[in-house]
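>
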Amino acid sequence: MFAPIYIDQQDALYPNALRSDLADHAPAMIVARGNLDILVGRGTACRAPTVALFCSVQCSSAIILQTYDLARALRDARVTVISGFHSPMEKECLNILLDGTQPVIVCPARSIEHLRLPADWKAALLQGRLLLLSPFAEKEHRATTGRAQRRNEFVAALADIVLIAHATPGGKTERFCRILLGWGKPPLALENNENAHLFNLGAVPARSESLVPLHIPSRIT
């Protein structure tokens, strides 16, 4: 079910955004399962952006409430969200998003050829609104810290907007924010005093109600 599709750098379907942001580190091949139109059939140049969502494992109740509001706003506005959906808060957001009708792109930190699919993922795949993407070879079937870092860069490169709900000071997500700034792609971060360290680095404060109406040209195709 949902057989893998292989897209190498010579394929017309290979996203230019990967070459642009990742340069020599762009994966030689990506693997997809699900509706490829989510990746390549993006419609008009004026559209709701694809948003990459990241959140540290540890976050306060205030951040949790804001992130729930954000996920519901993105769902109701039918904004495509891309993420690894690995941390507890990211998983909660995925549950909210799968209750909607908008496309979702899930990028595990491992190969996806033999990935076991939860029932709600299967339902969304059958509806044509879920796409699984991976830059990892079939033998890379276990998530590791290094693969998670590569996955996060892959996700951010594919997205129009990168949104960090929260990053623990000094943690991996904060370090990832520094990488994005080095790309010249400053992330958004939820407007909260607990994200002040991200704003000091150069992240842009954002509220869910101000993020959703944005329309910018696609970077994926």
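To convert a position in the sequence shown, counted from 1, into this note's numbering, add 6. Glycine residues also receive a C-beta, built at the ideal position from the N, C-alpha and C atoms. Remember, it's a predicted structure, so these values are computed and weren't measured experimentally.
Can you tell which of A212, L132, V46 has the C-alpha that lies nearest to the C-alpha of Y20?
Among A212, L132, V46, the Cα nearest to that of Y20 is on V46.
> Measure how close the beta-carbons of Y63 and S89 come, nearest whole angstrom, since I'm counting them as under 8 Å.
Residue identity check: residue 63 is Val in the sequence provided, not Tyr. 14 Å between Cβ atoms; not a contact.
> Check the DSSP bridge columns for H120 and list the partner residues they point to.
Its beta-bridge partners do not exist; DSSP assigns none.
> Answer with buried or exposed for P193, where buried requires no fewer than 16 other C-beta atoms within 10 angstroms of its C-beta.
So P193 counts as buried.
> Per DSSP, what kind of secondary structure is G208 in: helix, strand or coil?
Coil at G208, not helix or strand.
> Among Y12, A23, R78, which one has its Cα closest to the Cα of Q108?
Q108 has its Cα closest to that of R78, out of Y12, A23, R78.
> Taking only the alpha-carbon atoms, compute the straight-line gap between L76 and T151 and give it to the nearest angstrom.
When rounded, the distance between both Cα atoms is 27 Å.
> Whose CA, out of D30, R39, D27, lies closest to the CA of F8?
F8 has its Cα closest to that of R39, out of D30, R39, D27.
> Taking only the alpha-carbon atoms, compute the straight-line gap between D14 and A165 and give it to the nearest angstrom.
Roughly 19 Å separates the two Cα atoms.
> Tell me, please, which residues DSSP counts as bridged to L169.
DSSP lists L59, L194 as partners of L169.
> Can you name, in chain order, every residue of its own chain whose Cβ lies under 8 Å from the Cβ of L103, other than the five neighbours on each side?
Correct list, in chain order: A77, L80, R81, V87, V110.
> Using CA atoms only, rank isn't needed, just tell me which of Y12, G188, I69 is closest to L42.
It is Y12 whose Cα lies nearest to the Cα of L42.
> Go through its chain and collect everything with a Cβ distance to D126's Cβ below 7 Å, but skip five positions before and after it.
If we look at D126 and ignore the five residues flanking it on each side, its Cβ neighbours are L104.
> Assign L138 to one of three DSSP states: helix, strand, or coil.
It is a strand residue.
> Going by the DSSP bridge assignment, what does G40 pair with across the sheet?
Paired residues: L137.
> Which value, in whole angstroms, describes the spacing of the CA atoms of Y74 and L121?
When rounded, the distance between both Cα atoms is 27 Å.
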